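Notes for the one structure printed next.
In my numbering, the protein residues as written are 387 to 587.
This is the structure:
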């Protein structure tokens, strides 16, 4: 209810500010995570994504802007594709979502499987913000995608050690970026997953 002292406006602005901060924190965590996946690929002991079962499709040699496609098939007819510019998550029950690296607001496609390798952002299918009917499925897919990331990072620590992830972050810390410490990565993702529906506009 509005009041003459403008308190309603203040509440709206405060909520908007809180939401902007949540988006900013999610983007920071997500961007760092994508960096970590890149380092896991280049791991001196071997490509960790391939050890985890990812399918690898090399990018065309004649396209200097393309990069390799990494896709993992998951139970329940789900799949995840990791790229430097974002993540695609598909579920046969709901369609698919694409999470842009620097936005962290899921875009929807009715396709649960990409019709071509994701060598670049140009290979993405048509995407749109989910409507009200599509929103529950998008929330479910985002939660499942975040649950997969959490389990992935737990496995990294269990199999490769916390020290490995700490080393991964050494070159990410350039003195300008916000760095989430290695031992805070899983708790940070868990906290974000608890409010996943807030990111599905």
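Built from N, CA and C at the ideal position, the CB exists for glycine as well. In this text the structure is predicted, and so the values were computed from the model without any measurement.
Status (buried if at least 16 other CB within 10 Å, exposed otherwise) for residue i
i, result
"residue 554", "buried"
"residue 587", "exposed"
"residue 573", "exposed"
"residue 547", "exposed"
"residue 515", "exposed"
"residue 484", "buried"
"residue 519", "exposed"
Residue i to residue j span [Cα, whole Å]
i, j, result
"residue 502", "residue 513", "15 Å"
"residue 444", "residue 413", "27 Å"
"residue 455", "residue 495", "19 Å"
"residue 539", "residue 491", "21 Å"
"residue 506", "residue 450", "11 Å"
"residue 433", "residue 405", "37 Å"
"residue 551", "residue 543", "7 Å"
"residue 581", "residue 410", "14 Å"
"residue 429", "residue 493", "31 Å"
"residue 447", "residue 403", "45 Å"
Nearest-angstrom beta carbon gap, residue j and residue i [assumed within contact, 8 Å]
i, j, result
"residue 533", "residue 473", "Wrong, their Cβ atoms sit about 13 Å apart, outside the cutoff."
Residues bridged to residue i [DSSP beta-bridge criterion]
i, result
"residue 467", "457, 474"
"residue 482", "476, 495"
"residue 441", "457"
"residue 514", "494"
Open item on the list: Any contact between the stretch 425-433 and the stretch 559-578? By contact I mean 3 or more CB pairs, one from each, below 8 Å.
Closed with: Flag = no, the stretch 425-433 and the stretch 559-578 do not touch.
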